[in-house]
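Shown next, in structure tokens, is the structure this report addresses.
Protein chains: 2
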Amino acid sequence: MSSETSVTVRLGILGCASIAEKIVRAVLLLPEIRLVALGSRSLAKAQEFAKRNGLPADAKVYGSYDEVLDDTSVDAVYIPLPTGLHVHWVLKAAEKKKHVLLEKPPAHTMEEMELMTSALEKQGLQFMDGTMFVHHPRSAEMHRILHNPQLFGTIREISGIFNTNMESTFGPTWSQSNVRGQAHLDGLGSLGDLGWYCVRGILWAFDFEMPYKVIAHPGTRFNDAGVIISCGATLEWKDGRTATFRASFLTEMVMRLMVMGSWAVLDIGDFVIPVKEDVATFQFNQGSAWVDRSTGWTRNTLVHEVKTELPQEALMLREFAQLVKGIITGTGKPNPIWPSVSKKTQAILNIVKESIEHDCSPITLS
Amino acid sequence: MSSETSVTVRLGILGCASIAEKIVRAVLLLPEIRLVALGSRSLAKAQEFAKRNGLPADAKVYGSYDEVLDDTSVDAVYIPLPTGLHVHWVLKAAEKKKHVLLEKPPAHTMEEMELMTSALEKQGLQFMDGTMFVHHPRSAEMHRILHNPQLFGTIREISGIFNTNMESTFGPTWSQSNVRGQAHLDGLGSLGDLGWYCVRGILWAFDFEMPYKVIAHPGTRFNDAGVIISCGATLEWKDGRTATFRASFLTEMVMRLMVMGSWAVLDIGDFVIPVKEDVATFQFNQGSAWVDRSTGWTRNTLVHEVKTELPQEALMLREFAQLVKGIITGTGKPNPIWPSVSKKTQAILNIVKESIEHDCSPITLS
Chain A
113 MSSETSVTVR LGILGCASIA EKIVRAVLLL PEIRLVALGS RSLAKAQEFA KRNGLPADAK
173 VYGSYDEVLD DTSVDAVYIP LPTGLHVHWV LKAAEKKKHV LLEKPPAHTM EEMELMTSAL
233 EKQGLQFMDG TMFVHHPRSA EMHRILHNPQ LFGTIREISG IFNTNMESTF GPTWSQSNVR
293 GQAHLDGLGS LGDLGWYCVR GILWAFDFEM PYKVIAHPGT RFNDAGVIIS CGATLEWKDG
353 RTATFRASFL TEMVMRLMVM GSWAVLDIGD FVIPVKEDVA TFQFNQGSAW VDRSTGWTRN
413 TLVHEVKTEL PQEALMLREF AQLVKGIITG TGKPNPIWPS VSKKTQAILN IVKESIEHDC
473 SPITLS
Chain B
113 MSSETSVTVR LGILGCASIA EKIVRAVLLL PEIRLVALGS RSLAKAQEFA KRNGLPADAK
173 VYGSYDEVLD DTSVDAVYIP LPTGLHVHWV LKAAEKKKHV LLEKPPAHTM EEMELMTSAL
233 EKQGLQFMDG TMFVHHPRSA EMHRILHNPQ LFGTIREISG IFNTNMESTF GPTWSQSNVR
293 GQAHLDGLGS LGDLGWYCVR GILWAFDFEM PYKVIAHPGT RFNDAGVIIS CGATLEWKDG
353 RTATFRASFL TEMVMRLMVM GSWAVLDIGD FVIPVKEDVA TFQFNQGSAW VDRSTGWTRN
413 TLVHEVKTEL PQEALMLREF AQLVKGIITG TGKPNPIWPS VSKKTQAILN IVKESIEHDC
473 SPITLS
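Residue numbers (our numbering), protein chains in the order written: chain A, 113 to 478; chain B, 113 to 478.
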């Protein structure tokens, strides 16, 4: 076996989803990971995708997902398939001893989630979900501010909103044509697709401490297939902290996370995907005060800029590759943090869904 | 009687609350309204207030509220007393045939609210609550945009947050020393003081159509006196529109109203009291789109500026004075819009409180 530093993680991709184009581009930016195989149910589609996205000439292009998993030159797979197909292919990947980077939301239920992560864990394989924003250096910078009590005080509440108008992006029949509108493919709808990020951002800000009570908001909307297209929920922690989120396919873009502390507020207007790739911003507000007779107020807003040489998806892939490399070379073990944070996020989504199905009853977590 | 144009409405004020200083300053800017009397439980306090705030030399200063109401030279009163004292003094004002401009929240219960507004109505007197922002020309400008379907599409959801750290403004013992922490004075706490504006903003954006379901968020916080110091709720309309608001005395200032439509978003970061007195802004977002491979997105933000010659509280007083003048001169009648919007706002607050008291049960409006 070659020395650790020269090991390159060999990646396979299952499917030609549009998000895979972004991942391919990111892989090509990284020396530590190499794209060696791509599979699609249609060989022609895979070949066209490979050509259009500049796959390396020696990358193998298959007309099935199984061939990618059977390929012994593949160390790890990226799975951007619809959620409804995850269990089947992740269990197969575990059987074939491939590490897995899985698009979100990972599952429709916690049972599925546990099946997948425990299968990988038993084989000593790394699991990571495809949540990119936590890998951006902006997140690390914000985390330092949030957890500096002198600066921020106590985090008291969080508001997350991720809305985007699917009709604008995919046309008026998106609900039939896009996987996000189909119960067997993306059964959690806007809750899984957009709410996932809100919940992940909320848990991230609270260092992944779980809430003890969750309540869905009234007014959940469904499409004709019964898939959630607009929803929201409020979470409560034992010490009185709260977080509220909204996730809708029906409005103009809103992608905001606001973390409200006793002495300061962090406000991120593009928390999931920064508007620009090379520099991301966030606002820090502190020390607002009423002016004379409350006829106005001082708003002290500092705009922080955080540059990044690599886009956040490349930083995610680099983190994944380093863990896989460690396992391959015997110097590391699967990092349990990644399945853990993924399971916590998934658990909240499923509890919100449960509350929706029970007329917005509060659900207490055991 | 003098001709209508030369009639000046003669205002009395009950109490020396700090908000009264702002109103006095506004009255002094307006030719159509004249401050003729001020009463406080302490004559010395009233005299000191009169001197400090430049009351006209001929304004009468009384050591009781009753003397203001008994003064036949007073046409209308502004009542900035704590909510718990409103019913008593508004009923007396109605008896003494004074028009009433009442600080918010008007009441602790809908019964109180109805008592006050019907007493005034029976006497042919105008009622208006002290919500200033709706009188700012910015609100009229935003209303035009919101209700232009070509520009905005359908309003789908609203998010209102009004938080302010009372400890920063009034010190660590605010909960004992400030009226907002005391059950008999401001019994609705942050729900009445801050949530009032969120609910008013939400109803305003929806042209005062009432929701059909209201649910309080879990995690309501109370002070030692049992007064709400942090809360939130979500409202649902029959056609699936929703609105979520938060109101807390425990965080750094947030004063945001976001109205989310299918094609556009209005975002107002200082909706209750504009940061600056002479010019207020709001943001209009439209036509956001993902860039290639969703590696970023275009955010199209237009910042609108709306200038005003008079501060919003003076515009409120002018509107009130014009109505009172019409009634006095016999050319107008009490405008029922103002008690109506006030009652609707109050009703929502009381339903939110009911939901809080019933473990966040959804309350359906009859």
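Virtual Cβ for every residue (Gly too), placed ideally from N, Cα, C. Model, not experiment: these values are computed from the prediction.
query: Strictly below 7 Å CB to CB, what residues from chain A border B:LEU167?; result: None at all; the shortest Cβ gap to chain A is about 15 Å.
query: Kindly indicate the opening and closing residues of the beta strand (DSSP E) around A:ALA426.; result: A:ALA426 -> not in any beta strand (DSSP E); alpha helix (DSSP H) instead, spanning 424-440.
query: Distance, Cα to Cα, A:GLU223 vs B:THR221?; result: 47 Å
query: In angstroms with no decimal places, state the Cα-to-Cα distance between B:VAL453 and B:PHE318.; result: 12 Å
query: What span of residues does the alpha helix (DSSP H) with A:GLU223 cover, start to end?; result: 222-234
query: Are the stretch 292-301 of chain B and the stretch 283-301 of chain A in contact at 8 Å, needing three or more beta carbon pairs?; result: no
query: Using the Cα positions of B:ASP382 and A:ARG268, report the straight-line distance between them to the nearest angstrom.; result: 20 Å
query: In the DSSP assignment, the beta strand (DSSP E) including A:GLN398 goes from what residue to what residue?; result: 391-398
query: Excluding five sequence neighbours on each side, which residues of the same chain lie with their C-beta closer than 6 Å to the C-beta of B:ILE125?; result: ALA132, LEU150, TYR190
query: Please list the partners that B:SER374 has in chain A, where partner means a Cβ-to-Cβ separation under 9 Å.; result: ASN277, GLU279, SER280, LEU362, THR363, GLU364
query: Give a yes or no on whether the C-beta atoms belonging to A:GLY196 and A:THR266 are separated by under 8 Å.; result: no
query: Check whether chain B comes within 8 Å of A:ILE385, counting only Cβ atoms and requiring the distance to be less than that.; result: yes
query: Which residues of the stretch 256-278 of chain A have a Cβ closer than 7 Å to any Cβ of chain B? Give them in chain order.; result: ARG268, GLU269, SER271, ILE273, ASN275, ASN277
query: Just the chain A side, please: which residues come within less than 7 Å of B:SER400 by C-beta, in chain order?; result: GLU364, MET365
query: To which residues does DSSP link B:ASP241 through a beta bridge?; result: B:LEU214
query: What residue does the beta strand (DSSP E) around B:VAL173 start on, and which one ends it?; result: 172-174
query: Within the 8 Å Cβ cut-off, does A:HIS329 reach chain B?; result: yes
query: How far does the beta strand (DSSP E) with B:ASP187 in it reach, from first residue to last?; result: No beta strand (DSSP E) contains B:ASP187, which DSSP labels as neither H nor E.
query: Quick check on the burial criterion: 16 or more other C-beta atoms within 10 angstroms. Buried or exposed for A:THR305?; result: The displayed chain sequence assigns Asp, not Thr, to residue 305 of chain A. By the neighbour-count rule (16 or more Cβ atoms within 10 Å), A:ASP305 is buried.
query: Which residues in the same chain have their Cβ closer than 7 Å to the Cβ of B:TRP375, if we skip the five residues on either side of it in sequence?; result: PHE264, GLY265, GLN398
query: Are there three or more Cβ pairs, one per stretch, closer than 8 Å when the stretch 239-248 of chain B is compared with the stretch 421-428 of chain B?; result: yes
query: Does any residue of chain A bring its CB to less than 8 Å from the CB of B:ASP471?; result: yes
query: I want to verify the contact list: residues of chain A whose CB lies under 9 Å from the CB of B:MET322, in sequence order.; result: Per Cβ cutoff of 9 Å: no residues; B:MET322 is ~14 Å from chain A at best.
query: For B:GLU348, which residues in chain A fall below 7 Å Cβ to Cβ?; result: PRO330, GLY331
query: Where do the N-terminal and C-terminal ends of the alpha helix (DSSP H) with A:ASN462 fall, by residue?; result: 449-469
query: Where are the beta strand (DSSP E) runs, 3 residues long or more, that stay fully inside the stretch 322-382 of chain B, in chain order?; result: 325-328, 340-348, 354-360, 366-373, 376-380
query: So the alpha helix (DSSP H) A:GLY479 belongs to, where does it begin and stop?; result: Because chain A in this structure spans residues 113 to 478, residue 479 of chain A falls outside the shown range and cannot be described.
query: What does B:VAL311 touch in chain A if you count any residue whose Cβ is under 8 Å from its own?; result: Neighbours of B:VAL311 on chain A: none; closest Cβ ~16 Å, over 8 Å.
query: Whose C-beta lies closer than 6 Å to the C-beta of B:ILE475 among residues of the same chain, with five residues either side of it excluded?; result: VAL326, ILE463, GLU466, SER467
query: So A:GLU371 packs on A:GLU253, CB below 8 Å; how close in whole Å?; result: Looking at the sequence provided, one finds Val at residue 371 of chain A rather than Glu. Incorrect: roughly 13 Å between the Cβ atoms, too far for contact.
query: Using 8 Å as the threshold, is the stretch 198-218 of chain B in touch with the stretch 267-283 of chain B, meaning 3 or more CB pairs across them?; result: no
query: Which residue from B:GLY344, B:VAL291, B:ALA188 puts its Cα closest to that of B:HIS211?; result: B:ALA188
query: Closest by CA to A:GLN294, which one among A:ILE341, A:PHE320, A:PRO261?; result: A:ILE341
query: If the cut-off is 8 Å on Cβ atoms, which residues from the stretch 174-203 of chain B count as contacting chain A, listed in chain order?; result: none
query: Drop a sphere of 10 angstroms on the beta-carbon of A:PRO323, count the other beta-carbons inside from all chains shown, and report buried for 16 or more, exposed for fewer.; result: buried
query: Ignore the nearest five residues each way along the sequence and tell me which others in A:LYS445's own chain have a CB closer than 8 Å to its CB.; result: GLY236, GLY438, ILE439
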